[in-house]
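Novice: Under my numbering, the letters of the sequence shown match residues 261 to 447, in that order. Below is the structure I would like to discuss, written out as structure tokens.
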Amino acid sequence: MKNIIFLAPPAAGKGTCSEILKKEFNYEHISTGAILRSEIASQSSLGNEIKSNIEKGNLVDDSLMIKLIENKLTNINNSFILDGFPRTINQAYSLDNLFKELNIENYIVIYLNIDKSLALKRTLGRMTCPKCGKGYNIYFDGFKPNKDGYCDICNEALSKRSDDNEESFNNRFETYINSTLPILKFY
Ligand code: AMP
């Protein structure tokens with residue numbers, strides 16, 4: 261089975277696709293955004309350090325991210341999906357070196373694209389159940405919860421990501437165009 265790297269703008273669906281592939285084929289889903297959010301939730305020193313950066317939609321330091329991925333991939337036995345890494349050309353070079361060190365040759369890069377206006381609508385409507393992780397979207401039929409604001413499965417109050425507001429989205433999208441999109445050429 262091939263390892264997968266997703267390259268995509270915010271809210272294109274890399275997290276959703278990753279979860280489907282995980283269920284179907286037992287991939288290890290490595291979402292750097294989810295790892296960082298759980299550091300923030302646990303109020304670790306790393307979490308406190310990166311919180312305001314993430315809320316504003318800025319990228320976290322390359323060296324920190326590279327170390328995080330190094331730790332993850334060094335101990336992995338399954339086929340994996342990278343969701344949210346690499347996001348800069350520097351990260352892409354480092355990942356390439358790491359793959360060489362670990363003899364990882366079997367991978368593909370999947371590029372998902374989406375219009376900025378649709379990505380914004382998805383971002384503003386996105387809600388998640390903090391208990392089971394199920395995702396919803398209040399602006400799209402078929403993705404709305406049965407009862408406004410509550411999970412269909414757990415009946416838990418749904419939550420919103422603190423960076424899913426228009427200002428932070430605009431920054432994330434801009435950062436994607438300037439820092440992440442150039443990686444396409446590299447692959
Ligand atoms: P995501 O869940 O992929 O949308 O990521 C949420 C936020 O986490 C991003 O807007 C960044 O602030 C941070 N982040 C996630 N992955 C990376 C990465 N590879 N490099 C730098 N920052 C990242």
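For each residue, glycine too, the CB sits at the ideal point set by N, CA and C.
1) Could you give the first and the last residue of the continuous alpha helix (DSSP H) run that contains T435?
2) If you measure from the CB of A294, is any heavy atom of ligand 1 nearer than 7 angstroms?
3) Could you give the residue range of the alpha helix (DSSP H) that holds D322?
4) Check whether the Cβ of N406 sits closer than 7 angstroms to any heavy atom of ligand 1, and report yes or no.
5) With F340 as the anchor, note down where its alpha helix (DSSP H) starts and where it stops.
6) Using only CA atoms, which one of Y367, L441, N415, S305 lies nearest to I374?
7) According to DSSP, what are the bridge partners of A417?
8) Given 7 angstroms as the limit, tell me if N318 has its C-beta closer than that to any heavy atom belonging to ligand 1.
9) Answer with buried or exposed for Y399, where buried requires no fewer than 16 other C-beta atoms within 10 angstroms of its C-beta.
10) Alpha carbons only, please: which of S304, S298, N415, R386 is nearest the one belonging to C392?
11) Heavy atom of ligand 1 less than 7 angstroms from the Cβ of N313, yes or no?
12) With 16 other CB atoms within 10 Å as the buried threshold, where does S304 fall?
13) May I ask you to list the residues that DSSP assigns as paired with L267?
14) Beta carbon of G344: closer than 7 angstroms to some heavy atom of ligand 1?
15) Near F340, which residues of its chain fall below 7 angstroms by C-beta distance, leaving aside the five closest residues on each side in sequence?
16) Pairing CB atoms from the region 320 to 334 with CB atoms from the region 348 to 360, are three or more of them under 8 angstroms?
Specialist: In this structure, then:
1) Residues 426 to 435.
2) In this structure, the C-beta of A294 approaches ligand 1 to less than 7 angstroms from one of its heavy atoms.
3) In the DSSP annotation of this structure, the continuous segment of the alpha helix (DSSP H) that includes D322 starts and ends at 322 to 334.
4) No, Cβ of N406 sits at least 7 angstroms from all heavy atoms of ligand 1.
5) Per DSSP, F340 is not a residue of any alpha helix (DSSP H); the beta strand (DSSP E) it occupies stretches across 340 to 343.
6) Nearest option by C-alpha distance: L441.
7) According to DSSP, A417 bridges with Y410.
8) True, at least one ligand heavy atom lies under 7 angstroms from that Cβ.
9) With fewer than 16 neighbouring CB atoms inside 10 Å of its own CB, Y399 falls in the exposed class.
10) Considering only alpha carbons, the answer is N415.
11) Relative to the non-hydrogen atoms of ligand 1, the Cβ of N313 comes within a distance shorter than 7 angstroms of at least one.
12) The Cβ neighbour count for S304, taken over all protein chains shown within 10 Å, is under 16; the residue is labelled exposed.
13) In the DSSP assignment, L267 is bridged to Y371.
14) Yes, since a heavy atom of ligand 1 falls inside the 7 angstroms radius drawn around the Cβ of G344.
15) Apart from sequence neighbours up to five positions away, the residues of its chain that approach F340 with a beta-carbon distance below 7 angstroms are N263, Y287, E288, I290, ordered along the chain.
16) Yes: the two stretches touch, three or more of their Cβ pairs being nearer than 8 angstroms.
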